[in-house]
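Colleague: Taken in sequence, the protein lines are chains A and B. The opening residue of the first sequence carries number 1 in the UniProt record's numbering; numbering runs sequentially from there. The opening residue of the second sequence carries number 1 in the UniProt record's numbering; numbering runs sequentially from there. For reference, the structure I am asking about is given below.
There are 2 protein chains.
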Amino acid sequence: MQVSRRTVLGSALAAGAAGAASSAGAAPRRAGRGTVERWGVQELTFHGPSGGNPFVDVNLTATFVSAAGTQIKVPGFYDGEGVYRIRFSPPEVGSWRWASESNAAALNGVSGSFDAVAPTAGNHGPVRVTRDGYHFEYADGTPFRQIGTTCYSWALQSDARCAETLATLKAAPFNKMRMLVFPNVESVATNPFVRTGPGLGEWDPSRFDPAYFRRYEDRLVRLGALGIQADVILFHPYDSKRGYSDMKRADDERYLRYVSARFGAYRHVWWSMANEYDAIESKKMADWDHLFEVLVAADPHDRLRSIHQIHTYYDARKPWITHASIQNGAAVLDDVRAELHRDFALKPVIFDEVVYEGNSTKRWGWLTGPEMVERFWYGLIGGTYVGHSETYNAARNADYSWLGQGGKLLGSSPPRLAFLRKIMEDGPVPGFEPIQPWWNYHLAGKPNAYFLRYFGADQPREWDVVLPGKGPDALQRYRADIIDTWNMTITPVEGVFAMSRKNDYDVHDPARPKLALPGRPYIAVRLVRV
Amino acid sequence: MQVSRRTVLGSALAAGAAGAASSAGAAPRRAGRGTVERWGVQELTFHGPSGGNPFVDVNLTATFVSAAGTQIKVPGFYDGEGVYRIRFSPPEVGSWRWASESNAAALNGVSGSFDAVAPTAGNHGPVRVTRDGYHFEYADGTPFRQIGTTCYSWALQSDARCAETLATLKAAPFNKMRMLVFPNVESVATNPFVRTGPGLGEWDPSRFDPAYFRRYEDRLVRLGALGIQADVILFHPYDSKRGYSDMKRADDERYLRYVSARFGAYRHVWWSMANEYDAIESKKMADWDHLFEVLVAADPHDRLRSIHQIHTYYDARKPWITHASIQNGAAVLDDVRAELHRDFALKPVIFDEVVYEGNSTKRWGWLTGPEMVERFWYGLIGGTYVGHSETYNAARNADYSWLGQGGKLLGSSPPRLAFLRKIMEDGPVPGFEPIQPWWNYHLAGKPNAYFLRYFGADQPREWDVVLPGKGPDALQRYRADIIDTWNMTITPVEGVFAMSRKNDYDVHDPARPKLALPGRPYIAVRLVRV
């Protein structure tokens, strides 16, 4: 670590605050000491060269060292008008020291220190994959029960529309938002790069427009303040006229490094390398693999990483993938179909696109509310997670719906997804495990402790209460609830089910072999050990 | 290529004949010129050192060069008593020349030539993956419609039992047999390695017993003569007492090279690296990957390669895997579940173990005949292939059943699988493709030409004849058959269905929107373009 010897604009900002630069100093000195929450954002601001092309010409990093000896090298980025920033989210409380390195003299060899303090309420840290490999939790161990939605270009809409979207989300059940960096539908913000002419394709891929990214960050940070994870989608195939996803490799690499340096310190950021990657004709599988390697190297915060397909599943076993992100509307119409994706990925699975609720004239956007909710439940029984969106709007054109631009939710699924989320939060930690899925029990939960059975559109009038389990551990007593997942009622069943051995594989209560059910669709039964 | 200068025992044997050596010559000379069928086995026999440990001490290869310039280097093997053999299956007709290389002077620099002639009837060459990536065909382009079975240790039983198994197979529908090299149940042949003492674990992994392998080859060749592919399983976890699957890495490598050199020239051989690989505790994933690399390098005939799991799916996208070999009894109870395995593997999928027909006291061996057949049909609709076996026997111990030892078939599924095979052979080339599986049509065949719908245990009395398809190509006329897959009847429906556009996605015949069905289980409907 070097001693301070250059001008510095040290500014420790609390997590969630956008990066406003302090005033410049003059002589070599150390940055002022500040504090930041653990998992918050410590932003350092510098003044440096503004001539030439700083995005290409200037490199800047800082190495952060904790009192415990943890050392993390963090890339910075150019924010225009001679301002450079480095954003770092400290994973440990305590004192941190840092020193910069740059090929620009004004940015090189600056140093400083700050203290990372205990997080305030509601800051649980970034979301990570659980030790068992199939679920998510925050860094402080709090389970994260994913209920996702998608508003592709919401952050690129007018201030009023963005405010409306955020107000909607505040009252909605969603805790993860899939959102594009580049616009896919009519948007207010459309120029991530500096324009070179009036045509859609006239822009300079080597010069970012900092205002575009500052605006995006503002939305990003507001989303985080609502406790919603931002699944930031880096490329998509829907804009061949502008061609932001058809850049040359060096431009793609620079873009990944830029967004990683700008956004990666925010603890609620996830990376989705692309939406429908296999519909981007200018990139082949080897390109995607390469871009993941670039992203891993560029992102010291090691945020969650995945990629979303249209036809050809990306191989989620590749080491840079943290969880599978799947588009498939039929896979979550059966818990075993869903569960198979875990067997292939050996990682958490999120069905990020399962066809949408709405009134689209296209089959990918005309689900009823019950059909949307059904997919979430089957996904849960399969030990996986599901994502929502909706296409409702007067024009029946999804571009102008929640899916495209955000705004208001018009569908009937969100309250039922809030109800589902509560069921999930009351359930096993870290998540619902499918129980012997290869034997078609259609049960999830935790063996010998918690069983959830879901009947989908079937309308059974009774259910044989047969639970898989061997040995004395299986001989438990359970109380039962009948859950109407659409009408959002939980009806306790009187008494308990006292399990005894039924055969080599199962237990049951000979005195109560069956449970009467209401003969309506979308019923679930929950059995919890007493 | 070198000129002949050593003693040689050249012997060109027709495909299917076991390798009997000719008498030895004396002075350096060329091997006599012979002929062999294309895709047959040209076996070269040599006399060389018998002292020391020839399995370890001596290496031997021959390089074969065709008139067209194809060059193939083929490893030989030691067959005991100073006899060495090299087996080569020529992929091209015409003249082939060869020359040997060895670290043993007596085996080095021998050369010869032979002619590969056109194959006789019934020799279609080895089975390969089709160009579309999801099916199988013989080298001459004939489709291979896999209907598999498993008799793990059949080839290790008495001559009488083996003859009984072969007689059974001659009348059975199966065209692929999964069979172990090492015994898993009570067997007559139990010593692939030279014994060093009376205990089960007392054997020398560096010395093969050639008699064991000659006996195995005899069975292998007889199986091939019936037109049945031999899916040779190289390791398995069921014999911890003998420990053949718990050898050291160098012993495993030597074993793979030995079986590859001995068996690999037979055109009907497939390699299954292991049965339930993940139940073999002495080997980890990296070991299996390594062993595949060894096998690829050892096998110039490039036979089909896969591996079979109990819990953890092996990643079938790995480059050395030619097709997925899956154990999962529930995955083939729904065509979409089956089809998902193709999406993950991007290769042909064979459900080699889907639970067995029989009277076992274990749930993995108590399917009824209809349940066994149902799995084959769902697998077909999913664009995949399925394997059979059965556990019937008086003791209800699967070890002594068809599954363990071969013998007689007692189940009710085989005639229905023969019926299914005929349906497959009359169907699209190279195989049945799932048609828009992600939209839950439950149809397979060939778009706008051939549709097969299967209803499983459902008993519908009618079916809406709605076919996916857009544009003028979809506006075809179809004749229909109602197929009773259990009673093995095909009932033609009078008249045709003349398709017109129904909506953006589907076509139907407004004059005949529905087809009446018999209200029995296990019904299929076949629509063929007229």
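Idealized CB from N, CA, C, for every residue including glycine.
#1: If you run the structure through DSSP and keep just helix, strand and coil, what is Leu515(A)?
#2: With a 10 Å radius around its C-beta and 16 neighbouring C-beta atoms as the bar for buried, classify Pro510(A) as buried or exposed.
#3: Name, going along the chain, the residues of the stretch 319-345 of chain B whose beta-carbon falls closer than 8 Å to a beta-carbon of chain A.
#4: Is Tyr84(B) close to chain A? Criterion is C-beta to C-beta, closer than 8 Å.
#5: Below 8 Å on the Cβ atoms is my guess for Tyr134(A) versus Gly445(A); work out the distance and round it to an integer in Å.
#6: Mapping the DSSP letters down to three states, classify Asp289(A) as helix, strand or coil.
#7: How should Ala99(A) be labelled, buried or exposed, when 16 other C-beta atoms within 10 angstroms of its C-beta is the threshold for buried?
#8: In chain order, what residues of the same chain have a beta carbon less than 6 Å from the beta carbon of Pro492(A), not counting five sequence neighbours either side?
#9: By DSSP, does Arg254(B) sit in helix, in strand, or in coil?
#10: Return no unless some Cβ of chain B is closer than 8 Å to the Cβ of Asp464(A).
#11: Whole angstroms are fine: how far does the CA of Glu217(A) sit from the CA of Pro90(A)?
#12: For chain B, is any of its Cβ atoms less than 8 Å away from the one on Pro521(A)?
#13: Since Tyr212(A) and Ala189(A) should fall inside the 8 Å C-beta cutoff, what is the C-beta to C-beta distance between them, to a whole number of angstroms?
#14: Would you tell me roughly how many angstroms separate the C-alpha atoms of Leu220(B) and Ala230(B), rounded to the nearest one?
#15: To the nearest angstrom, how far is it from the Cα of Met247(A) to the Cα of Pro205(A)?
#16: Taking 8 Å as the threshold (C-beta atoms), are Val185(B) and Asp209(B) in contact?
#17: Consider the Cβ of Trp438(A): report whether some Cβ of chain B lies at a distance smaller than 8 Å.
#18: Which stretch, first to last residue, makes up the beta strand (DSSP E) that contains Gln327(B)?
#19: Work out the CA separation of Ile233(B) and Leu304(B) for me, nearest whole Å.
#20: Does the CB of Tyr313(B) have a neighbour CB from chain A at under 8 Å?
#21: Could you have a look at Gln405(B) and say whether DSSP puts it in helix, strand or coil?
#22: Thinking Phe88(A) and Ala265(A) are a contact (beta carbons under 8 Å), I'd like their distance in whole angstroms, please.
#23: Looking at C-alpha atoms only, which residue of Phe174(A), Ile307(A), Gly456(A) and Ala68(A) is the closest neighbour of Pro370(A)?
#24: Between the stretch 335-353 of chain A and the stretch 141-160 of chain A, do at least 3 Cβ pairs fall closer than 8 Å?
#25: Quick one: is Val530(B) buried, meaning 16 or more other Cβ sit within 10 Å of its Cβ, or exposed?
#26: Figure out for me which residue from Gly141(B), Tyr478(B), Asn123(B) and His124(B) has the closest Cα to the Cα of Arg131(B).
#27: Assuming Leu169(A) and Ile228(A) are in contact, meaning their beta carbons sit under 8 Å apart, how far apart are those beta carbons, in whole angstroms?
#28: Could you tell me the alpha carbon to alpha carbon distance between Tyr314(B) and Glu202(A), rounded to whole angstroms?
#29: Does any C-beta atom of chain A lie closer than 8 Å to the C-beta of Tyr505(B)?
#30: For Arg363(B), which three-state DSSP category applies?
#31: Nearest chain B C-beta to Arg317(A) closer than 8 Å, yes or no?
#32: Applying the criterion that 16 or more other CB atoms from any shown protein chain within 10 Å of the CB defines a buried residue, is Asn275(B) buried or exposed?
#33: For His308(A) and Pro237(A), what's the separation of their Cα atoms in angstroms?
#34: Between Ala330(A), Ala394(A) and Ser500(A), which lies nearest to residue 538(B) when the distance is taken from Cα to Cα?
#35: Suppose contacts are defined by Cβ-Cβ distances below 8 Å. Is Phe451(B) in contact with Leu517(B) by that definition?
#36: Between which two residues does the beta strand (DSSP E) carrying Lys73(B) extend?
Modeller: The answer reads as follows:
#1: strand
#2: exposed
#3: Asn328, Gly329, Ala330, Ala331, Leu333, Asp334, Val336, Arg337, Leu340, His341, Asp343 and Phe344
#4: no
#5: Not confirmed; about 13 Å, so no contact.
#6: helix
#7: buried
#8: Asp481
#9: helix
#10: no
#11: 19 Å
#12: no
#13: 6 Å
#14: 7 Å
#15: 7 Å
#16: no
#17: yes
#18: Ala324 to Gln327
#19: 12 Å
#20: yes
#21: helix
#22: 6 Å
#23: Gly456(A)
#24: yes
#25: exposed
#26: Gly141(B)
#27: 6 Å
#28: 47 Å
#29: yes
#30: helix
#31: yes
#32: buried
#33: 11 Å
#34: Outside the modelled stretch of chain B, which goes from 1 to 530, sits residue 538(B), for which no answer is possible.
#35: no
#36: Gln71 to Tyr78
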